[in-house]
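Student: Just passing along the structure, written as structure tokens.
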Amino acid sequence: MTDKGTSPAGNGKPKLAIYWAASCGGCEIAILNIGDKLLVVDDAFEIVFWPCAADFKYEDVRNYPDKYIDLCLFNGAIRSSENEEMAHLLRQKSKVLVAFGSCAQEGCIPGLSNLTSASDTFQAVYMDNPSIDNPAALFPQTVTTVPEGDLHIPFFYNTVRSLDQVVPVEYVIPGCPPEPPQIWAVLEAIVTGAQLPAPGSTVIGASHLAVCSECPLEKHEKTIERFYRPYEITPEPGLCLLEQGLMCMGIATRGGCGALCPRVGMRCEGCYGLLDGVEDQGANMISAIASVVNVGKPGDEETELERRIRAAMDSIVDPAGTFYRFNMAHSLLHRARTGNHDDVRRVKSEVPHETH
Amino acid sequence: MSSEPYTPVIVGFLCNWCSYRAADLAGTARLNYAPTMRPIRVMCTARVEPQFVIKALREGADGVLIAGCHPGECHYVEGNIKALRRYTLLKQMLRQFGIEEERVQIVWAAASESKVLADAVDAMTLKLQAAGPLRWRQTVLNGHGAEHAVRESAEVRRAAALAAQHVEGER
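Protein chains in written order, with my numbering: chain H, 885 to 1240; chain X, 952 to 1122.
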């Protein structure tokens, strides 16, 4: 890795930045998992910002000239005011901004909290979780006064957004996390100067077909009576999981991962996001399920028909969390309707709240 | 939710073979019913993708009514049964999004059952009045989410232009 403070003229190498917003760190590990090719990356790029691996400060980025960074891989969703500020800053300083991984692309697991409100999330995290002991009911404050002055910490938005809902991005690399061979394929294309597709939230490093097209499991167009949770059945090896009653999202999910999960008997959870031409991953999954579940026939009496179909669909626990596990922030509804839609700012903060 | 009186907006997806004809008959028979439904003719209730329903709710509808042939009488044998499966699961999911039961309804109305359809619209209108307006964009998205407005494709624009011409021609 290069020393910080290299002058803008530098060594002529393209400049690479990697940032994490609301994420788990898995994307960084996926980058490290490209293995010894990391040395090629270090050779080809000058790393100018990577909080996880190199000691750069936000101030360094602020001091770079605009468009100084050639490629910025941004992982993580926009959950707090800090995430949003960094999204704007890195957009300003980068020539090519990539939404890297599912959180930046579509909200991912942090996006699931759009099913509740920010204040309920705080209540769960700081008060109600079984492992929490907080008798004084202490919550983080956005402003704390200490003898030296006021300390500000970022505030917590009510709604999680994807990166491209905050700033425009050139490319999207999907996946939770993106698969290392796909990461390398993209980096290699950039290193070798290969032609990338036209920018504009364009998906790269993934397939344009569904996970099923890469899945080796056999399909027999078999229909099912109900769904099972993974612990309830042991799937027959070699056969399509959906046709065995496991809620495999492969049919509604972009491929590119090589169908890693179904290959080992685990249902696809949908992390590569929606396919081209689809606006709502969950809605399309519901649509597909109607053809897989065979409960109800044309001759059935109407109330009995409704009862049987409802019973079959009741076997799907938590449909919103299942169908939008990764796509909530990019779904059409975006979030649930809760009583409270305010961002959590426990003390009136002077940090400017930019809305875009 | 709200006590102020308002006129709900219902987007109605009516199947070509039964319920659209029932709506036609309701008109010919001069049945009086709430003018709250915007009917959209589809070939079959199975054509109604859950995405259509979600989009309608997001873009300003207070409720969505899906109307089709009675089970067993579908022109495509079991299209309406597929629709019922989709609708049942969709409703279970919408509950998690805080969207009340009565906002999405399905009704079976044969071509001769204009009264059934008219009554369904009346009943749904009353329920939606009790539930209050939805106004998803204004109250729920609250600025957030507007960034990914429904993309207006070339086809949509072409269809809108054709429809405008058609209306022009009828005048």
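C-beta atoms are modelled at their ideal positions from N, C-alpha and C, and glycine is treated no differently.
As the structure is a prediction and not an experimental result, all values here were calculated from the model.
#1: For the region 1155 to 1166 of chain H, which residues have a beta carbon sitting closer than 9 Å to at least one beta carbon of chain X?
#2: Determine the DSSP secondary structure at Tyr971/X, reduced to helix, strand or coil.
#3: CA-CA distance, Gly1030/X and Val993/X?
#4: Provide the residue(s) that pair with Leu981/H in DSSP beta bridges, ordered along the chain.
#5: Report the rounded CA-to-CA distance for Met1212/H versus Arg946/H, giving the unit in angstroms.
#6: Can you tell me where the alpha helix (DSSP H) holding Tyr1055/H begins and where it ends?
#7: Enumerate in chain order the residues of its own chain whose CB-to-CB distance from Leu976/X is below 6 Å, with the five nearest sequence positions on each side excluded.
#8: Per DSSP, what kind of secondary structure is Tyr948/H in: helix, strand or coil?
#9: With 16 other CB atoms within 10 Å as the buried threshold, where does Ser1015/H fall?
#10: Counting only beta-carbon separations shorter than 8 Å, does Gln1043/X have a partner in chain H?
#11: DSSP has Tyr1010/H in a bridge; who is on the other side?
#12: Please state whether the Cβ-Cβ distance between Gln1089/X and Pro956/X is less than 8 Å.
#13: Distance check for Cys956/H and Ala1094/H, CA to CA, integer angstroms please.
#14: Looking at C-alpha atoms only, which residue of Ala905/H, Arg1138/H, Pro1121/H and Val1044/H is the closest neighbour of Arg1001/H?
#15: Rounded to whole angstroms, what is the Cα-Cα separation between Ser1063/X and Gly978/X?
#16: Between which two residues does the alpha helix (DSSP H) harbouring Glu1072/H extend?
#17: Determine the chain H residues that contact Phe1048/X at a beta-carbon separation under 7 Å, and present them in chain order.
#18: So the candidates are Ala983/H, Phe929/H, Ser1199/H and Glu1098/H; which of them puts its Cα closest to the Cα of Lys897/H?
#19: Beta carbons nearer than 9 Å to chain X: which residues of the region 1177 to 1193 of chain H have them?
#20: Output yes if chain H places a C-beta closer than 8 Å to the C-beta of Val1091/X; else output no.
#21: Does the beta-carbon distance from His1214/H to Gly991/H come in below 8 Å?
#22: From the beta carbon of Leu999/H, is the nearest beta carbon of chain X less than 8 Å away?
#23: Does the distance from the CB of Tyr1156/H to the CB of Cys1141/H come in under 8 Å?
#24: Can you pull the chain H neighbours of Leu1016/X, defined as C-beta to C-beta under 9 Å?
#25: If we define contact as Cβ-Cβ less than 8 Å, is Ile1173/H a contact residue for chain A?
Tutor: For this structure:
#1: Val1162, Glu1163, Asp1164 and Gly1166
#2: Taking the second sequence and counting its residues from 1, one reaches residue 971/X at position 20. Reduced to three states, the DSSP call for Tyr971/X is helix.
#3: As a position in the second sequence, residue 1030/X is number 79, starting the count at 1. As a position in the second sequence, residue 993/X is number 42, starting the count at 1. Each residue's Cα considered, the two are about 12 Å apart.
#4: In the first sequence, the residue the question calls residue 981/H occupies position 97. Answer is Cys956/H, bridged to Leu981/H.
#5: As a position in the first sequence, residue 1212/H is number 328, starting the count at 1. As a position in the first sequence, residue 946/H is number 62, starting the count at 1. Near 32 Å, if we compare the C-alpha coordinates of Arg946/H and Met1212/H.
#6: If you number the first sequence from 1, residue 1055/H lands on position 171. First-last for Tyr1055/H: Tyr1055 to Ile1057, but that is the beta strand (DSSP E), not the alpha helix (DSSP H).
#7: Your numbering for residue 976/X matches position 25 in the second sequence. Excluding positions up to five away in sequence, the list reads Ser1065.
#8: By 1-based counting over the first sequence, the position of residue 948/H is 64. The answer is coil: DSSP assigns Tyr948/H none of H, G, I, E or B.
#9: In the first sequence, residue 1015/H corresponds to position 131, counting from 1. Flag for Ser1015/H reads exposed.
#10: On the second sequence, residue 1043/X is found 92 positions in, with the first residue counted as 1. It does: the Cβ of Gln1043/X has a partner Cβ on chain H nearer than 8 Å.
#11: Start at 1 with the first residue of the first sequence, and residue 1010/H comes out as number 126. Answer is none; Tyr1010/H lacks a bridge partner.
#12: For this step, residue 1089/X is matched to residue 138 along the second sequence. For this step, residue 956/X is matched to residue 5 along the second sequence. Not a contact, by the Cβ cut-off of 8 Å.
#13: Your numbering for residue 1094/H matches position 210 in the first sequence. Your numbering for residue 956/H matches position 72 in the first sequence. About 27 Å.
#14: Taking the first residue of the first sequence as position 1, residue 1001/H is located at position 117. Note that residue 1001/H is Ser in the sequence shown here, rather than Arg. The candidate whose alpha carbon is nearest that of Ser1001/H is Val1044/H.
#15: Residue numbering aside, residue 1063/X sits at position 112 when the second sequence is read from its first letter. Residue numbering aside, residue 978/X sits at position 27 when the second sequence is read from its first letter. The alpha-carbon atoms of Ser1063/X and Gly978/X are separated by roughly 12 Å.
#16: Position 188 of the first sequence, counting from 1, holds the residue named residue 1072/H. That run of the alpha helix (DSSP H) goes Pro1064 to Val1075.
#17: Position 97 of the second sequence, counted from the first residue, corresponds to residue 1048/X. Simply Ala1204, Leu1217, Ala1220 and Arg1221.
#18: Counting from one through the first sequence, the residue named residue 897/H turns up at place 13. It is Phe929/H whose Cα lies nearest to the Cα of Lys897/H.
#19: Val1177, Val1179, Gly1180, Lys1181, Pro1182, Gly1183, Asp1184, Glu1185, Glu1186, Leu1189, Glu1190 and Ile1193
#20: Numbered from its first residue, the second sequence carries residue 1091/X at position 140. Chain H contact via Cβ: present.
#21: As a first step, residue 1214/H must be located in the first sequence, where it is residue number 330. As a first step, residue 991/H must be located in the first sequence, where it is residue number 107. Yes, these two residues count as a Cβ contact at 8 Å.
#22: Working through the first sequence from its first residue, we reach residue 999/H at position 115. For Leu999/H, the answer is yes, since a Cβ of chain X falls inside 8 Å of its Cβ.
#23: Taking the first sequence and counting its residues from 1, the one referred to as residue 1156/H is at position 272. Taking the first sequence and counting its residues from 1, the one referred to as residue 1141/H is at position 257. Contact: yes.
#24: For the purposes of this step, residue 1016/X is taken as the residue at position 65 of the second sequence. Under the 9 Å cutoff, chain H gives no residues; its nearest Cβ is about 16 Å from Leu1016/X.
#25: The chain inventory of the structure shown lacks chain A, comprising the protein chains H and X.
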